[in-house]
Amino acid sequence: MTSSGGYHARKSNAADGKKDPQIHNAIGETGHQAPAAGKLLLPEITHIEARALNASLKAPFTIAGARLDTVRNVAVRLDLADGSSGWGEIPILPTVTPEDQPTALEAARQAARAWTGRDAGRWRPLVEELADSLPAAPTARAGMEMALFDALARSWNIPLFAYFGGAADRVVTDITIPICAAEEARRLAAEYRGRGFVTLKTKVGADVDADVERIKAIREGHPTSDLILDANEGYDVPQTLEVLRTLRRKALEPALLEQPLPREDWDGQARLVREAGVPVAADESCRSSADAARIARDRLAHVINIKLAKCGVAQALEIIAIARGSGLGLMIGGMVETRLAMGFSAHLAAGSGAFRWIDLDTPLLLAEDPVLGGYDADGPRYRLGHVTAGHGGELAW
Ligand SMILES: [Mg+2]
Numbered sequence: 407m408t409s410s411g412g413y414h415a416r417k418s419n420a421a422d423g424k425k426d427p428q429i430h431n432a433i434g435e436t437g438h439q440a441p442a443a444g445k446l447l448l449p450e451i452t453h454i455e456a457r458a459l460n461a462s463l464k465a466p467f468t469i470a471g472a473r474l475d476t477v478r479n480v481a482v483r484l485d486l487a488d489g490s491s492g493w494g495e496i497p498i499l500p501t502v503t504p505e506d507q508p509t510a511l512e513a514a515r516q517a518a519r520a521w522t523g524r525d526a527g528r529w530r531p532l533v534e535e536l537a538d539s540l541p542a543a544p545t546a547r548a549g550m551e552m553a554l555f556d557a558l559a560r561s562w563n564i565p566l567f568a569y570f571g572g573a574a575d576r577v578v579t580d581i582t583i584p585i586c587a588a589e590e591a592r593r594l595a596a597e598y599r600g601r602g603f604v605t606l607k608t609k610v611g612a613d614v615d616a617d618v619e620r621i622k623a624i625r626e627g628h629p630t631s632d633l634i635l636d637a638n639e640g641y642d643v644p645q646t647l648e649v650l651r652t653l654r655r656k657a658l659e660p661a662l663l664e665q666p667l668p669r670e671d672w673d674g675q676a677r678l679v680r681e682a683g684v685p686v687a688a689d690e691s692c693r694s695s696a697d698a699a700r701i702a703r704d705r706l707a708h709v710i711n712i713k714l715a716k717c718g719v720a721q722a723l724e725i726i727a728i729a730r731g732s733g734l735g736l737m738i739g740g741m742v743e744t745r746l747a748m749g750f751s752a753h754l755a756a757g758s759g760a761f762r763w764i765d766l767d768t769p770l771l772l773a774e775d776p777v778l779g780g781y782d783a784d785g786p787r788y789r790l791g792h793v794t795a796g797h798g799g800e801l802a803w
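Residue numbers (this note's numbering): 407 to 803.
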């Protein structure tokens with residue numbers, strides 16, 4: 407006999423062939439279930455719509471292999487029978503996301519046909535069926551999941567940060583300094599210091615000497631900041647160790663080094679975990695809970711960077727559990743997204759309390775803000791406490 411714990415008690419009931427009356431009444435075994443009197447816990451999905459979400463950037467966004475002048479994402483609205491609507495976003499980043507805007511729109515419409523008429527509260531089967539039917543569109547699936555969880559939270563009248571655990575109702579984000587001339591990096595670092603940012607991130611990996619010069623300039627512009635370096639797979643092991651040695655000599659060591667190596671260089675990553683001397687984060691190397699399990703088992707990183715656009719909401723929750731259970735640190739980031747997707751991620755980070763590193767700055771790079779409501783930004787601080795349901799953001803459709 408199990409000595410304690412509801413989970414074990416339920417398991418042994420199931421083993422005896424008896425139904426747990428609570429579970430049975432709430433969920434049912436198959437098909438649709440009439441809601442309990444006066445309650446609509448599992449409202450039906452009545453309509454889903456996906457539209458282009460375009461927004462101009464203040465300056466072109468450049469990473470290794472991609473340059474973006476205008477954000478051309480896709481927004482999703484998911485309506486429930488009780489009148490609640492949830493909002494999700496599908497970011498499009500050429501060479502990073504498998505989808506472009508037309509294929510993301512088409513995938514979202516396929517998903518809409520599959521989900522319309524289903525019970526929103528049965529989110530687990532909805533998510534798993536979509537993974538089977540749209541295997542080549544993970545970003546579109548993630549946007550659908552966001553809209554689904556947001557709609558449910560709004561239906562239940564709770565903010566998403568409460569749904570995810572209620573650990574906090576605010577987050578503090580870093581801000582990214584692009585690959586640019588050292589003088590410009592110094593100016594930006596000083597400006598961000600003035601605006602209250604305490605963590606800066608910069609892209610490296612294109613040119614080792616230029617990287618070191620820019621890091622030095624950032625340190626001069628903001629001497630007390632924590633610094634994250636993101637190489638986007640741009641180094642090999644000897645280059646990584648050499649850059650870190652040089653930075654250490656100059657007292658410029660980063661607080662975190664993100665994805666220095668190509669995503670499949672697992673042996674190199676294992677070596678860096680032992681030899682880098684600074685925490686190393688897996689971003690491109692971790693796109694699913696299966697990747698996270700491998701990273702945890704074989705000690706292939708110190709930190710995992712979760713982006714909802716890579717893995718969706720359901721797998722993000724699994725990755726959080728894997729990381730917590732195995733002592734890995736967590737970072738949350740995004741693609742180039744508006745406050746729809748960033749707001750969802752901010753609620754997940756705040757509510758779960760699981761993330762040491764918060765990299766949710768891309769709405770600050772946009773020349774316009776198409777999102778109504780949602781979090782309040784004050785410099786690096788995103789406040790969620792006033793949000794009464796869901797992530798609180800929406801578009802004027
Ligand atoms: Mg990254």
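Ideal Cβ placement from N, Cα and C applies to all residues, glycine included.
According to DSSP, what are the bridge partners of residue i?
i	result
Y641	None, per the DSSP bridge assignment.
P565	G796
A546	Answer is none; A546 lacks a bridge partner.
D784	R787
S462	T476
W493	R483
G779	G799
T582	K607
T879	Residue coverage of the chain in this structure runs from 407 to 803, which leaves residue 879 outside it and unanswerable.
R457	A481
T468	R473
A688	I710
V618	DSSP output for V618 lists no bridge partner at all.
Apart from the five residues just before and just after residue i, which ones in its own chain have a Cβ nearer than 6 Å to its Cβ?
i	result
E535	none
G798	G779 and G780
D632	T605 and A661
F567	D575, H753, A756, G757 and L790
L647	none
I621	L658
R625	L658
S490	A557, R560 and S561
Between residue i and residue j, which are expected to be in contact by the criterion C-beta below 8 Å, what is the C-beta distance as a whole number of angstroms?
i	j	result
I496	A517	Not really, about 10 Å apart at Cβ, beyond 8 Å.
Y481	L746	The question names Tyr, but residue 481 is Ala in the sequence shown. Between L746 and A481 the Cβ distance is about 6 Å, and since that is below 8 Å, they are a contact.
G718	V533	7 Å
T744	L772	7 Å
A729	I710	5 Å
S561	P449	5 Å
D636	K607	6 Å
W521	I581	W521 to I581, Cβ: 36 Å. No contact.
A595	I583	6 Å
On the criterion of 16 or more Cβ atoms from any shown chain inside 10 Å, does residue i qualify as buried, or is it exposed?
i	result
E681	exposed
G602	exposed
R478	buried
N835	Not covered by the structure: residue 835. The range shown for the chain is 407 to 803.
P660	buried
D475	exposed
H628	buried
S695	buried
E664	buried
R592	buried
T630	exposed
K656	exposed
A783	buried
R483	buried
D556	buried
E505	buried
R654	exposed
W763	buried
D615	exposed
K464	exposed
G796	buried
W493	buried
E774	exposed
I'd like the list of long-range same chain contacts for residue i, defined as Cβ closer than 8 Å, with 5 residues on each side in sequence excluded.
i	result
E589	A623
G740	P497, K713, L714, A715, A747, M748, S751, D765, L766 and T768
R576	A756, R787, Y788, R789, L790 and G791
L706	W672, Q675, A676, V679, A688, S691 and R700
By Cβ distance, which residues of its chain are closer than 7 Å to residue i, with the 5 residues on each side in sequence left out?
i	result
P466	R473, L474 and D475
Q507	A458, R478, V480 and I498
Q721	S694 and S695
Give a yes or no on whether the minimum CB-CB distance between residue i and chain B is below 7 Å.
i	result
A729	The structure shown contains no chain B; it is built from a single protein chain.
Mind listing, in chain order, the continuous alpha helix (DSSP H) runs of no fewer than 4 residues lying wholly within the region 506-531? Every unbroken stretch of the alpha helix (DSSP H) spanning 4 or more residues and falling wholly within the region 506-531 is given here in chain order: 507-521.
What ranges does the beta strand (DSSP E) occupy inside the region 692-767, keeping only unbroken runs of at least 3 residues that lie completely in it? 709-713 and 735-739
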